[in-house]
Amino acid sequence: MKTRVVYIGAESSVTPIGKSADDNFSAMAKGISAVRIRTEAGFHKQDLPLSAFEKKAYRLPFEELVMEAFDASLKGIDAHILESERTIVLISSTKGELAVSITHPFRSTLRHLTGKYLLKNEPVVISNACISGVAACNIAARYLTQGYFDHAVVIGCDVLSDFVIYGFQSLFAISQDVCKPFDKNRSGVVLGEGSAAVVLSVERNIFKEHPLELLGGAISNDANHISGPSRTGEGLFRSVRKTLDKHAVNPAEIGFISAHGTATLYNDEMESIAFSRLDMSDIPLNSFKGYIGHTLGAAGVLEIAYTMQSLRKQLLIRTHGFQETGTSGKISVISETAPASFSLSLKTASGFGGCNAALLIRKI
Amino acid sequence: MNAVITSFAAIRPGSCFVNGTEVCSFDTETGVSWFRQIYKFLQPDYPKFYKMDQLSQAAFLSVELLKQYGNRSIEVQQEDALAMVFANSESSSVTDLLFQDSYQHQGSPSPSLFVYTLPNIMLGELSIRNKWYGENMFAVFPKFALDFYSKNAVLLLNETISMVLCGWINVSPEKQEILVFTIEKETSGINWTEEQLKTWL
Chain W
148 MKTRVVYIGA ESSVTPIGKS ADDNFSAMAK GISAVRIRTE AGFHKQDLPL SAFEKKAYRL
208 PFEELVMEAF DASLKGIDAH ILESERTIVL ISSTKGELAV SITHPFRSTL RHLTGKYLLK
268 NEPVVISNAC ISGVAACNIA ARYLTQGYFD HAVVIGCDVL SDFVIYGFQS LFAISQDVCK
328 PFDKNRSGVV LGEGSAAVVL SVERNIFKEH PLELLGGAIS NDANHISGPS RTGEGLFRSV
388 RKTLDKHAVN PAEIGFISAH GTATLYNDEM ESIAFSRLDM SDIPLNSFKG YIGHTLGAAG
448 VLEIAYTMQS LRKQLLIRTH GFQETGTSGK ISVISETAPA SFSLSLKTAS GFGGCNAALL
508 IRKI
Chain P
155 MNAVITSFAA IRPGSCFVNG TEVCSFDTET GVSWFRQIYK FLQPDYPKFY KMDQLSQAAF
215 LSVELLKQYG NRSIEVQQED ALAMVFANSE SSSVTDLLFQ DSYQHQGSPS PSLFVYTLPN
275 IMLGELSIRN KWYGENMFAV FPKFALDFYS KNAVLLLNET ISMVLCGWIN VSPEKQEILV
335 FTIEKETSGI NWTEEQLKTW L
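Note that the protein sequences, when read in sequence, are chains W and P.
If you read the first sequence in my numbering, its first letter stands for residue 148, the second for the next number, and so on.
If you read the second sequence in my numbering, its first letter stands for residue 155, the second for the next number, and so on.
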């Protein structure tokens, strides 16, 4: 089987705390969080903490955020790759532009994207709940390593809506306070919105700044419950195990884990169990959700962008909201932002439908 | 490596087909849902079926049809050996509309509907039913295209996967397209074509 090296770079990120991956990362390094109490955001007009753009910042938020992240990433590469039939665009999202069309939430954005950039291949939406972004990067990596395409742009985006806010409220999964990943007093997710993009290529020279290497990983299902994580972390365990095996990587080589860390009781507990089963208890681990909330289908790509920034800047960002250990599996939650010397990072995600995904990113 | 379509199942108005042959028919006029009638015919003894939304019911039944009548080797796939590649054009909109109605007109957002407002939930249901822990992906694009499945299937079969279960599942008042099929490495000479599959959509 033919396998090729996949480079990843030109990361972008558009959230309420910044318009570029660098802006976002610098803000997080200073401890700035986008989470604010929003008045009357809940179903019963309750005030809720959210990471939201100012109202009216965007007319068509999904489409505009997709384009904004895409444009920002294109600035970091030789944009001629868009003219190639060897380029594919993947969009990771759960709900698209619900406010425009509940029955076809992606259709107009896909059409406009194809038209505006004269894309040679129809973009594909990957909709695997909260693992969508990591899943899309894994799919794209497989296309590239085995030679189906030479370049891929993965864009993650989800926007806030009554639909999603009321839904999470109905599950009693929303925190009334800031979100506290892995903390003893965590009480649920804080929802957020935003977009991010990364460019994958087998050609190193399309990137203006040094790229990193993407080691495409695996997806596993818990085969246990559609809306609750496995108590043993089975799917996450398997997805990480398969990812390590695929690249013959030993846990001791990993210097940083960007975990999912939604701050729900069960998710964080599950992750702690999976990571301790994987002999990863001593690897520094964080969740970025305290800064930008849980952005669902965008989260994977956003957090991959921040993981890349962590590798580039050799800086580990503290888990905003975390104070006191509150999981039964032993994990090393990063509680102070500090420089570190490391070259390999693991990114994981878990989501509804029992799905789990992992991948590795290496500094080269 | 040659990857081929080794079996398929489709649910059409009034009938279920496996590898092109009708295996059961049902009444579309009685007001009893198609899916309940097919469930009664197949008798999978899986009460959780009744809690599922229409998309998951459609995926569940078509895969049960394929297991019982089309491709016995699905059942012998070990835990991580089977991958699922599913897609549709309408995401979870049939259930999204019901959930929206629950908070707009029925008094409060329904948690039991909300958990089905993601299209990949059907993959979770299939994983739970069959104890499959393997790769699973769900994509949304405008029209059925075999190319998407065959590309991803070949790549997965080149890795550690031995069978790829594919699905195109749309269920809405205007559109019922329910098709599942398996892609495997060529061994037996069976190979259904895209044209043959498309006639069942």
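Glycine residues also receive a C-beta, built at the ideal position from the N, C-alpha and C atoms.
Only a predicted model underlies this, so the values are computations on that prediction, with no experimental measurement involved.
Report the rounded CA-to-CA distance for residue i versus residue j, giving the unit in angstroms.
i              : j              : result
L195 (chain W) : M175 (chain W) : 22 Å
E471 (chain W) : N332 (chain W) : 8 Å
A421 (chain W) : P327 (chain P) : 42 Å
D301 (chain P) : L391 (chain W) : 29 Å
M417 (chain W) : G473 (chain W) : 12 Å
I481 (chain W) : N414 (chain W) : 18 Å
L351 (chain P) : F162 (chain P) : 8 Å
L307 (chain W) : G278 (chain P) : 24 Å
H467 (chain W) : M291 (chain P) : 31 Å
Y205 (chain W) : L212 (chain W) : 8 Å
V272 (chain W) : P486 (chain W) : 36 Å
E356 (chain W) : L432 (chain W) : 26 Å
A237 (chain P) : L219 (chain P) : 18 Å
H441 (chain W) : S434 (chain W) : 10 Å
G375 (chain W) : S256 (chain P) : 22 Å
F180 (chain P) : I332 (chain P) : 15 Å
L267 (chain P) : F253 (chain P) : 6 Å
For chain P, check one thing: does any of its Cβ atoms lie closer than 8 Å to the Cβ of residue i?
i              : result
G500 (chain W) : yes
E269 (chain W) : yes
I401 (chain W) : no
Q316 (chain W) : yes
I140 (chain W) : As shown, chain W starts at 148 and ends at 511. That puts residue 140 (chain W) outside it, with no answer to give.
A365 (chain W) : yes
R233 (chain W) : no
T442 (chain W) : no
G437 (chain W) : no
S274 (chain W) : yes
Checking contacts by CB at 8 Å: is residue i closer than that to chain W?
i              : result
K221 (chain P) : no
V294 (chain P) : yes
L309 (chain P) : yes
D207 (chain P) : no
P201 (chain P) : no
F253 (chain P) : yes
N312 (chain P) : yes
E338 (chain P) : no
F268 (chain P) : yes
F302 (chain P) : yes
W286 (chain P) : yes
K305 (chain P) : yes
I315 (chain P) : no
Just reading off the beta strand (DSSP E) that residue i is part of, what are its end residues?
i              : result
P265 (chain P) : Element bounds for P265 (chain P): not the beta strand (DSSP E) but the alpha helix (DSSP H), 265-268.
Q330 (chain P) : 330-339
F469 (chain W) : First-last for F469 (chain W): undefined, no H or E at that position.
W322 (chain P) : 317-325
F240 (chain P) : 236-242
P431 (chain W) : 431-433
E158 (chain W) : 154-161
L280 (chain P) : Taken as a continuous stretch (DSSP letters only), L280 (chain P) belongs to no beta strand (DSSP E), being part of the alpha helix (DSSP H) at 275-284.
Quick one: give me the first and last residue of the alpha helix (DSSP H) that residue i is part of.
i              : result
K494 (chain W) : Premise fails: K494 (chain W) lies in the beta strand (DSSP E), 491-498, not in any alpha helix (DSSP H).
H116 (chain W) : For residue 116 (chain W) there is no data in the structure shown, the boundaries of chain W being 148 and 511.
E381 (chain W) : 381-393
S304 (chain P) : 300-312
F209 (chain W) : 208-221
C178 (chain P) : Unbroken run through C178 (chain P) is the beta strand (DSSP E), 175-179; no alpha helix (DSSP H).
I344 (chain P) : From DSSP, I344 (chain P) is part of no alpha helix (DSSP H); its letter is neither H nor E.
Using the Cβ count rule (16 or more neighbours within 10 Å means buried), how would you classify residue i?
i              : result
M317 (chain P) : buried
H259 (chain P) : exposed
V182 (chain W) : buried
M155 (chain P) : exposed
F499 (chain W) : buried
A344 (chain W) : buried
V186 (chain P) : exposed
A395 (chain W) : exposed
Touch test, the stretch 264-282 of chain W against the stretch 442-462 of chain W, Cβ-Cβ under 8 Å, three pairs minimum: Taking 8 Å as the limit for Cβ pairs, the verdict is that the stretch 442-462 of chain W does touch the stretch 264-282 of chain W.
Three or more C-beta pairs below 8 Å linking the stretch 296-307 of chain P and the stretch 217-227 of chain P: Contact between the stretch 296-307 of chain P and the stretch 217-227 of chain P is not established, with fewer than three Cβ pairs separated by less than 8 Å.
Validate contact between the stretch 262-277 of chain W and the stretch 426-436 of chain W using beta carbons, cut 8 Å, 3 pairs: Touching, no.
Cβ contact (3+ pairs, closer than 8 Å) linking the stretch 212-223 of chain P and the stretch 184-195 of chain P: Yes: at least three Cβ pairs fall under 8 Å.
Segment contact flag, the stretch 253-260 of chain W with the stretch 181-197 of chain W, C-beta cutoff 8 Å, min 3 pairs: At 8 Å Cβ cutoff, the stretches do not touch.
Contact between the stretch 302-313 of chain W and the stretch 396-406 of chain W (3+ Cβ pairs under 8 Å): The answer is no - the stretch 396-406 of chain W does not touch the stretch 302-313 of chain W, with fewer than three Cβ pairs under 8 Å.
Inter-stretch contact at 8 Å, needing at least 3 Cβ pairs: the stretch 448-457 of chain W / the stretch 156-176 of chain W: Put simply, the stretch 448-457 of chain W touches the stretch 156-176 of chain W. At least three CB pairs are less than 8 Å apart.
At least three beta-carbon pairs within less than 8 Å, the stretch 325-340 of chain W to the stretch 359-377 of chain W: With a cut-off of 8 Å on Cβ pairs, the stretch 325-340 of chain W is not in contact with the stretch 359-377 of chain W, counting fewer than three such pairs.
Segment contact flag, the stretch 235-255 of chain P with the stretch 313-330 of chain P, C-beta cutoff 8 Å, min 3 pairs: With a cut-off of 8 Å, the stretch 313-330 of chain P and the stretch 235-255 of chain P count as touching, because enough Cβ pairs lie within range.
Cβ pair count under 8 Å reaching 3, the stretch 322-329 of chain W against the stretch 229-240 of chain W: Taking one beta carbon from each stretch, the stretch 322-329 of chain W and the stretch 229-240 of chain W have fewer than 3 pairs nearer than 8 Å; the two do not touch.
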